[in-house]
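Trainee: In my numbering, the protein residues as written are 19 to 187. For each residue, glycine too, the CB sits at the ideal point set by N, CA and C. These numbers were taken from a predicted model, which means no experiment stands behind them. First the structure, which I've put down as structure tokens, then a few questions once you've had a look.
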Ligand SMILES: Cc1cc2nc3c(=O)[nH]c(=O)nc-3n(C[C@H](O)[C@H](O)[C@H](O)COP(=O)(O)O)c2cc1C
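See the structure below:
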């Protein structure tokens, strides 16, 4: 798939078929995640792969508004390592870049995915940390819910010239 097509046509997909995601596809998404930019190239991320129904349903119990997890075939929990990157603001930005790479790679592979926010909701962070036994210094930032799409979401026109400012506001 052409890069520009992928960027403009990616949409959040919240309905999935029963087909399993092959391990090679998950590996490809993880690879693109680890190629994301990060402050000082510290790459302070970890990925917890939820590849069985029990783990995915546990994620749903921890993040109860994330209904789409009930149908998801795989989940990828993107976490930041506060021993590698001390500044939480950078952890969030770095993990967000990795999250977006996963979503774009998923789209390129014909998968559907949606970003489920965890950070900065204190309750969600606490639930997710406890559910997946994350060490103290590991901070859950986002969860990507994945599967083969069982819905079509049209691309929409978001280009707004009034959002663009040249040289000064
Ligand atoms: C930080 C962040 C948190 C999000 N959290 C959720 C979420 O908890 N549940 C959900 O269904 N979508 C979530 N989304 C997806 C957005 O709703 C979605 O990206 C937005 O509506 C734009 O639609 P699109 O992804 O189809 O372009 C989140 C997106 C971001 C960037």
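Am I right that residue 96 and residue 67 are in contact with their C-beta atoms under 8 Å? What's the rounded C-beta distance?
Mentor: Actually they are not in contact, since the Cβ atoms of residue 96 and residue 67 sit about 11 Å apart, beyond 8 Å.
Trainee: Count the C-beta pairs between the stretch 43-60 and the stretch 111-118 that are closer than 8 Å, then say yes if the count reaches three, no if not.
Mentor: They touch, by the three-pair rule.
Trainee: CB-CB under 7 Å to residue 108, same chain, minus the five flanking residues each way: which ones, in chain order?
Mentor: Answer for residue 108: 57, listed in chain order.
Trainee: Can the beta-carbon of residue 163 be found less than 9 Å from the beta-carbon of residue 29?
Mentor: Their beta carbons are not under 9 Å apart, which means residue 163 does not touch residue 29 by this criterion.
Trainee: With a threshold of 8 Å (Cβ to nearest heavy atom), would residue 83 be considered close to ligand 1?
Mentor: True, at least one ligand heavy atom lies under 8 Å from that Cβ.
Trainee: Grouping DSSP H, G and I as helix and E and B as strand, with all else coil, what is residue 125?
Mentor: In this structure, residue 125 counts as helix in the three-state DSSP scheme.
Trainee: Excluding the 5 residues flanking residue 168 on each side, which residues of the same chain have their C-beta closer than 6 Å to its C-beta?
Mentor: 33, 34, 35, listed in sequence order.
Trainee: Between residue 159 and the rest of its own chain, which residues show a CB-CB distance below 8 Å, the 5 nearest in sequence each way excluded?
Mentor: Around residue 159: 96, 97, 98, 109, 110, 113, 114, 117, 136, 137.
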